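Which chain is which? The protein sequence lines are A and B, in order.
Taking our numbering, I'd label the letters of the first sequence as residues 442 to 757.
Taking our numbering, I'd label the letters of the second sequence as residues 114 to 366.
Idealized CB from N, CA, C, for every residue including glycine.
If you're wondering where the values come from, they're calculated on a predicted model, not measured in any experiment.
Written out below as structure tokens is the structure these notes cover.
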Amino acid sequence: MICTDNKQVAVVECKGLTKVYKKLLAGQSKAVCALKNISLSVAEGQIVGLIGPNGAGKSTLLNLMAGLIFPTAGCVRVCGYPARSIEARKGLGYMPEHPAFLGRYSAWATLRYHGALLGLSRRAACVQIDKWNEQLQMDEYIDRPCGDFSQGMKQRLALAIALMSEPRFLLLDEPSNGLDPIGIIQLRDLLKKLRDAGTAIVISSHRLGELEKLTNDYIFLYRGEVVSFGEQIAAGQAGRLRVELVSNGNNIAQRLLSPSKLLSVSETELVIAVGDESEVPDVVSNLTKAGARITSVLLQREDIEDVFLRLYNERA
Amino acid sequence: MRAYELMKETFFRKMYIYIVHLSWFAIYGLFLVLFAREEDDFYRIFFIWGGFLLPLTLSAGIFGDDLASGRICVLATRPFWLGELYIYRLLGLSAQAAVHFILAGCLLLIVHHFISIGSTDNLGSWLLSSWLLFNTWAALSTSLSVVVKRAYNFVFLLAAFLFFGFLNSAMSWYNPNETMTDVIKAFVKYACPPFGLLTKLAQGEYSKYSLIVGQYSAIKAVACVTHCFVLTAFYGLVGVLILNRRQFTCSQE
Numbered sequence: 442m443i444c445t446d447n448k449q450v451a452v453v454e455c456k457g458l459t460k461v462y463k464k465l466l467a468g469q470s471k472a473v474c475a476l477k478n479i480s481l482s483v484a485e486g487q488i489v490g491l492i493g494p495n496g497a498g499k500s501t502l503l504n505l506m507a508g509l510i511f512p513t514a515g516c517v518r519v520c521g522y523p524a525r526s527i528e529a530r531k532g533l534g535y536m537p538e539h540p541a542f543l544g545r546y547s548a549w550a551t552l553r554y555h556g557a558l559l560g561l562s563r564r565a566a567c568v569q570i571d572k573w574n575e576q577l578q579m580d581e582y583i584d585r586p587c588g589d590f591s592q593g594m595k596q597r598l599a600l601a602i603a604l605m606s607e608p609r610f611l612l613l614d615e616p617s618n619g620l621d622p623i624g625i626i627q628l629r630d631l632l633k634k635l636r637d638a639g640t641a642i643v644i645s646s647h648r649l650g651e652l653e654k655l656t657n658d659y660i661f662l663y664r665g666e667v668v669s670f671g672e673q674i675a676a677g678q679a680g681r682l683r684v685e686l687v688s689n690g691n692n693i694a695q696r697l698l699s700p701s702k703l704l705s706v707s708e709t710e711l712v713i714a715v716g717d718e719s720e721v722p723d724v725v726s727n728l729t730k731a732g733a734r735i736t737s738v739l740l741q742r743e744d745i746e747d748v749f750l751r752l753y754n755e756r757a
Numbered sequence: 114m115r116a117y118e119l120m121k122e123t124f125f126r127k128m129y130i131y132i133v134h135l136s137w138f139a140i141y142g143l144f145l146v147l148f149a150r151e152e153d154d155f156y157r158i159f160f161i162w163g164g165f166l167l168p169l170t171l172s173a174g175i176f177g178d179d180l181a182s183g184r185i186c187v188l189a190t191r192p193f194w195l196g197e198l199y200i201y202r203l204l205g206l207s208a209q210a211a212v213h214f215i216l217a218g219c220l221l222l223i224v225h226h227f228i229s230i231g232s233t234d235n236l237g238s239w240l241l242s243s244w245l246l247f248n249t250w251a252a253l254s255t256s257l258s259v260v261v262k263r264a265y266n267f268v269f270l271l272a273a274f275l276f277f278g279f280l281n282s283a284m285s286w287y288n289p290n291e292t293m294t295d296v297i298k299a300f301v302k303y304a305c306p307p308f309g310l311l312t313k314l315a316q317g318e319y320s321k322y323s324l325i326v327g328q329y330s331a332i333k334a335v336a337c338v339t340h341c342f343v344l345t346a347f348y349g350l351v352g353v354l355i356l357n358r359r360q361f362t363c364s365q366e
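So this is what it looks like as structure tokens:
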């Protein structure tokens, strides 16, 4: 569980979440299980990265949290209310991967429109528009029709829309898509500020380097199942051990090491996945006992990309 | 403010809506010149054009475009009852139509006044009938748009209209006394948008009956108007229920 501390309040809770889609394949209705019995919770003031290969069920999980689809089994509660209920949506800000707007509306009109949907008065909506316009630096194009917007402009506008309600729970799907480097830095700073203010944030992204700068908490999904969760896969905890040998690397590795641990192998070099530095002496000792003539040993910390690859390889 | 924005959106959502209104006015003028001698013919065409084709055109993709672009995903996460989205959009269409028919009526009166083309005897009742017909078709089309993506609601309804029209005519022609023919006729008359009833209302045919108020029979006319509102509400209710129960995906097409 990501939210294990009793003092922390869970903003989102998923219990036994299962989603089965019925799809028509070759003329026959087949059930495709997108999520299998997932339970997790996200606390306030926490940023969680949702990662996994394509088709792992990330979008399904996001959609379930946003209340856009219904679970086949289990339940999702947002701010203590069932997802999709009006109370849950009051605390929710959602930014889709490909935001779409009415092409004839300007950014300002779009924000005013969403302000109205949130039930804000004209004045309150204007205050919010000014606030997010300034924070997200949309001044240059706030009066331009959305139909002319670049991807980056759309992303900023979508983020402003998601933040207008000052949500307790923010769901972001690939938020840095199309943003320039300045925009990415601004987005990162903004998300950190929101986190410090107590907002729970779930980010689905393939940009692992970006996620790493924001959080140590990840949910790794693979084929609809949570493979790893929270601090278990925090970058920096695990690593890879690069062992250089005189010869015979292939033979020794195959005898001693499980394929999931072995990241790469050649006659003169082995790269081995290790949980943390305490495993290193054992690995080296076992290799030596097996007759390996080691010339150098180097422990490299895993970044989130390595973690992703390791988890993926373990499963695949 | 929410109601205003959602109603306003039905006019501003696409550039073509503005053009549709203007072209429809031009077409009414053309009909007037072509069919002015046969007053009934002119109003029947006006009735079909404004009461049937206008709602189909204005509501094309009213939800389907949002479903196809993924925009619905953000709308569905806003904190209000989703039925409001449907109701205010339908009201927006209805309000647009009301303004459209008032302007069309003024236009026809002006043309009639200056060049004495056509007759304005039943103009008011034809405009009312057209607006009522507009509402039923708009509700049907909007409800269909909740289910189908893009502007396919326009295509499907047009196809359904042609199919049922053809079936009705064919059955009446080949098997006029069959029970099935009666069933289809009754279905088309009462469950589908009521062309026949509203044409009679507009033509003042209900004046034959008792309890006449002015030119019309109050009971028949009120029953006809009520029937239209009930149908509109029924089609709308189906749309609201589907919208509240359906799932949304954010994939863009």
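Interface flag, Pro512/A vs chain B, CB-CB below 7 Å: no
State buried or exposed for Glu743/A, treating a residue as buried only when at least 16 other CB atoms are found within 10 Å of its CB. buried
With distance defined between alpha-carbon atoms, name the residue in Arg734/A, Val684/A, Arg525/A nearest to Leu505/A. Arg525/A
Below 8 Å, how does it come out for the stretch 513-523 of chain A and the stretch 548-566 of chain A: are there three or more Cβ pairs, yes or no? no
Straight-line CA distance for Val483/A to Ser688/A? 49 Å
Interface flag, Phe176/B vs chain A, CB-CB below 7 Å: no
Under three-state DSSP, which class holds Thr709/A? coil
Could you name the residues of the same chain whose beta carbon sits closer than 7 Å to that of Leu604/A, not counting the 5 residues immediately before and after it, in chain order? Gly534, Trp573
DSSP state of Phe361/B, grouped into three classes? coil
Quick one: does Tyr535/A have its CB under 7 Å from some CB of chain B? yes
Runs of 4 residues minimum, wholly inside the stretch 183-230 of chain B: which ones carry the alpha helix (DSSP H) assignment? 185-188, 195-228
Neighbourhood of Ser323/B by C-beta distance below 6 Å, restricted to the same chain and skipping five residues each side: For Ser323/B, the predicted structure reports a pLDDT of 40, less than 50, and the residue's modelled location is therefore unreliable. A value from the coordinates is still provided. Excluding positions up to five away in sequence, the list is empty.
Given a threshold of 16 other Cβ atoms within 10 Å of its Cβ, counted over all protein chains shown, does Ser364/B qualify as buried or as exposed? exposed
At a CB distance below 8 Å, what residues from the stretch 186-210 of chain B approach chain A? Give them in sequence order. Cys186, Val187, Leu188, Ala189, Thr190, Arg191, Pro192, Phe193, Trp194
In chain order, what residues of the same chain have a beta carbon less than 6 Å from the beta carbon of Ile161/B, not counting five sequence neighbours either side? none
Would you check whether the ligand ZN has a heavy atom nearer than 6 Å to the C-beta of Ser500/A? By its list of ligands, the structure shown contains no ligand whatsoever, and the ligand ZN lies outside what it can speak to.
Cutoff 7 Å: Ser172/B Cβ touching any chain C Cβ: Annotation note: the requested chain C is absent from the structure, which comprises protein chains A and B.
Which class does Gly490/A belong to by DSSP, given the choice of helix, strand or coil? strand
What residues in its chain sit with their C-beta under 6 Å from that of Ala733/A, if we drop five residues either side in the sequence? Leu686, Ile693
Quick one: using the 10 Å Cβ neighbour count with 16 as the cut-off for buried, is Lys321/B buried or exposed? Because the pLDDT at Lys321/B is just 49, under 50, the model does not fix this residue reliably, and the value given afterwards should be weighed accordingly. So Lys321/B ends up on the exposed side.
Proximal chain A residues relative to Gly349/B, where beta-carbon distance stays under 8 Å: Neighbours of Gly349/B on chain A: none; closest Cβ ~20 Å, over 8 Å.
When Arg358/B, Tyr156/B, Arg191/B are compared against Leu240/B, the one with the closest alpha-carbon: Tyr156/B
Taking the alpha-carbon positions, what's the Gly163/B to Glu118/B distance? 25 Å
Going by C-alpha distance, which of Gly532/A, Gln695/A, Phe749/A, Ala541/A is nearest Ile642/A? Gly532/A
Host alpha helix (DSSP H) of Gln741/A (start-end): Note, Gln741/A: premise wrong, no alpha helix (DSSP H); beta strand (DSSP E) at 735-742.
Does any CB atom of chain A fall closer than 7 Å to the CB of Gln360/B? yes
CA-CA distance, Lys298/B and Pro307/B? 11 Å
Residues that Tyr535/A bridges to, as DSSP identifies them: Leu612/A
Residue closest to Phe138/B, alpha-carbon to alpha-carbon, out of Ile215/B, Asn248/B, Trp194/B: Ile215/B
Among the residues of its own chain, which have a CB less than 8 Å from the CB of Thr459/A, if the five just before and after it don't count? Cys474, Leu476, Lys477, Asn478, Ile479, Pro512, Thr513, Ala514, Gly515
Taking a contact to mean a Cβ-Cβ separation below 7 Å, would you say Gly490/A touches Leu635/A in this structure? no
Taking 7 Å as the CB-CB limit, is Ala762/A close to chain B? Since the first and last residues shown for chain A are 442 and 757, residue 762/A lies out of range.
Within the continuous beta strand (DSSP E) that includes Lys463/A, where are the two ends? 451-466
With burial defined as no fewer than 16 other Cβ atoms inside 10 Å of the residue's Cβ, what is the status of His134/B: buried or exposed? buried
Looking only at its own chain, which residues have a Cβ that is under 6 Å from the Cβ of Leu611/A, when we skip the five neighbours before and after it? Gly534, Thr640, Ile642
Alpha carbon to alpha carbon, what distance is there between Val353/B and Val259/B? 9 Å
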